[in-house]
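K.L.:
Numbering (my numbering), first residue to last: 29 to 186. The structure's right below; bear with me while I get my questions together.
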Amino acid sequence: MRLSSLADYAVVMMSAAARHCGGSCRLNATQLAEETALPLPTVQKLVSKLSAAGLIESARGTGGGFRLARPPAAITLADIVEAVEGPIALTSCVDAGKQDCCVQDSCKVKPHWNVVNGAVKGALAGISLTQLSSVPAEAGAQHPADPIRTPALAGEQV
């Protein structure tokens, strides 16, 4: 399973927008293209898709631009992916519109796909734009309050 480049770029773009004033100030597509190194036509296309999905608000003209429609904490990775890709559906079994499987009438796995699909969607819905736009701690770096713990050697008093 792999997200399309467009969905990936939408996440990059939305994360950058969230870093600007928490997403409450207006940005224009040119600024965002420069900051993210995404091509301007791609940013413009994504602004249209994200706006149609209600994730950003856009205004034309002088002082126009776009901003997040909700606080970053209220926008999830699932929201962004679905805005670009459509509903999350791992198989045609869970896609209400498509039933093109040749074994659907005798499939013993079909009843389980909704659970699996729900778990994947739930995982994506559990990641907020706030989390995606924050600077992650360095991999392997310890928090200053966490002392380094070394396991006791055999026979050593702890």
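Beta carbons are placed, not taken as given, at the ideal position from N, Cα and C, and that holds for glycine.
Does DSSP classify THR119 as helix, strand or coil?
P.N.:
coil
K.L.:
Specify the secondary structure class of GLY93 as computed by DSSP and reduced to three states.
P.N.:
strand
K.L.:
Can you give me the start and stop residues for the alpha helix (DSSP H) that ALA81 sits inside?
P.N.:
Where ALA81 is concerned, there is no enclosing alpha helix (DSSP H), because DSSP gives it neither an H nor an E.
K.L.:
Do you know how far the Cα of ALA102 is from the Cα of LEU55?
P.N.:
19 Å
K.L.:
Decide if the region 41-53 is in contact with the region 94-112; the criterion is three or more beta carbon pairs, one per stretch, under 8 Å apart.
P.N.:
yes
K.L.:
Between the C-alpha atoms of LEU68 and ALA57, what's the straight-line distance to the nearest angstrom?
P.N.:
Cα to Cα, the separation comes out at about 7 Å.
K.L.:
Distance, Cα to Cα, GLY163 vs TRP141?
P.N.:
The sequence as given places Val at residue 163; Gly does not occur at that position. Taking the straight line from one Cα to the other gives about 35 Å.
K.L.:
Just to confirm, are LEU152 and ALA111 a CB contact at a threshold of 8 Å?
P.N.:
no
K.L.:
By DSSP's criteria, LEU55 is part of a beta bridge. Which residues make up the other side?
P.N.:
LEU55 is bridged by DSSP to PHE94.
K.L.:
If you run the structure through DSSP and keep just helix, strand and coil, what is ALA65?
P.N.:
coil
K.L.:
Give the straight-line distance between the Cα atoms of SER52 and PHE94, rounded to the nearest whole angstrom.
P.N.:
9 Å
K.L.:
Give me the DSSP bridge partner(s) of SER156.
P.N.:
THR104, per the DSSP bridge assignment.
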